[in-house]
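One structure below.
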Amino acid sequence: MSRFQRVRQWSAFSRNWHIYDAKWQNPFQSAKKITPYLEGKNKPIYSPFADSGDHIVVINSRHISLLGREWQMRVYFHHTGYNKSFPGGGAKWIPAWQLHSRDPTLVLWKACYNNLEGDLMRKPRMARLHVYPDGVDTVPDEIMINVSNEIEHTRPVPKKLEEHTKEEIEEFPRLWYPPKDYLVR
């Protein structure tokens, strides 16, 4: 076996580290993009009987976005295990906004967990998902050293007004021209 073939085989069987920026992304669409990497479906050696998945580092989970009123309408079920004889005694339904304010990583984590439903290897695969609420600065250096690939966004992130140059702002087509006697306060 030549050196090139040996390196190709090693890279096919090794666990790679990918980074995904969740800023302004829908967590459920992001989960559909992330879970194939956790399962190893992005590799040519994929088999449902072998665990060949990769590690995923998700940053900016604090800045995810949900559509419409989904922050208020989506609820997550949790049972505390307390007072099982009383109907609904330990059952808790927590809205997404409240869960996100408690732990900004949980909504995205639960979306990925539910996307792997029916998978017998769900727990070891979820152990390879590393979710951080803020940017790259909060990720430990031991993890960032391993990252070798970036997963594309599900939708493009718009630029803020401060991020546009003055030339881009002036070239933007105007819908309305103010009259000369228009006062700006």
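Counting in numbering that gives the first Met the number 0, the sequence shown runs from 0 upward without gaps. Beta carbons: idealized from backbone N, C-alpha and C, even for Gly. Note that the structure is a prediction, hence the values are computed from the model and not measured.
Task: Endpoints, the alpha helix (DSSP H) within which E149 is located - done: Locating residue 149 in the sequence shown gives position 150, counting from the first residue. Membership of E149 in any alpha helix (DSSP H) is not indicated; the residue belongs instead to the beta strand (DSSP E) covering V146 to E149.
Open item on the list: With distance defined between alpha-carbon atoms, name the residue in S64, M120, V6 and N82 nearest to P103.
Closed with: As a first step, residue 103 is located in the sequence shown; it is residue number 104 there, counting from the start. For the residues S64, M120, V6 and N82, the minimum Cα distance to P103 belongs to S64.
- [ ] Alpha carbon to alpha carbon, how far is P132 from I142? Give it in angstroms, no decimals.
- [x] Stepping through the sequence shown from its first residue, residue 142 is reached at position 143. Stepping through the sequence shown from its first residue, residue 132 is reached at position 133. So the two alpha carbons sit approximately 15 angstroms from each other.
Task: Separation of S60 from K25, as counted between CA atoms - done: As a working mapping, residue 25 is identified with position 26 in the sequence shown. As a working mapping, residue 60 is identified with position 61 in the sequence shown. First, the amino acid is wrong: residue 25 is Asn here, not Lys. Taking the straight line from one Cα to the other gives about 10 angstroms.
Task: Nearest-angstrom Cα separation, counted from K40 out to L115 - done: Translated into the one-based positions of the sequence shown, residue 115 becomes position 116. Translated into the one-based positions of the sequence shown, residue 40 becomes position 41. In a straight line, the C-alpha of L115 is about 13 angstroms away from that of K40.
Open item on the list: In this structure, how does DSSP classify K40 when only helix, strand and coil are distinguished?
Closed with: To locate residue 40, count along the sequence shown from 1; it is residue 41. In this structure, DSSP gives K40 a state outside helix and strand, which the three-state scheme calls coil.
Open item on the list: Check whether the region 145-153 and the region 18-37 touch, using three or more Cβ-Cβ pairs below 8 angstroms as the test.
Closed with: Touching, per the Cβ criterion.
- [ ] Determine, using beta carbons only, whether W16 and D50 come nearer to each other than 8 angstroms.
- [x] For the purposes of this step, residue 16 is taken as residue 17 along the sequence shown, with counting starting at 1. For the purposes of this step, residue 50 is taken as residue 51 along the sequence shown, with counting starting at 1. No, Cβ-Cβ distance for W16 and D50 is not below 8 angstroms.
- [ ] Give a yes or no on whether the C-beta atoms belonging to I58 and V138 are separated by under 8 angstroms.
- [x] Taking the sequence shown and counting its residues from 1, the one referred to as residue 58 is at position 59. Taking the sequence shown and counting its residues from 1, the one referred to as residue 138 is at position 139. Taking 8 angstroms as the Cβ cut-off, I58 and V138 qualify as a contacting pair.
Open item on the list: Taking its Cβ as the centre, do 16 or more other Cβ atoms sit within 10 Å of S29, making it buried, or is it exposed?
Closed with: Your numbering for residue 29 matches position 30 in the sequence shown. In the assembly as shown, S29 is a buried residue. Its beta-carbon has 16 or more other beta-carbons within 10 Å.
Task: Counted within 10 angstroms of its Cβ, other Cβ atoms place V6 as buried (16 or more) or exposed - done: Locating residue 6 in the sequence shown gives position 7, counting from the first residue. Classification for V6: exposed.
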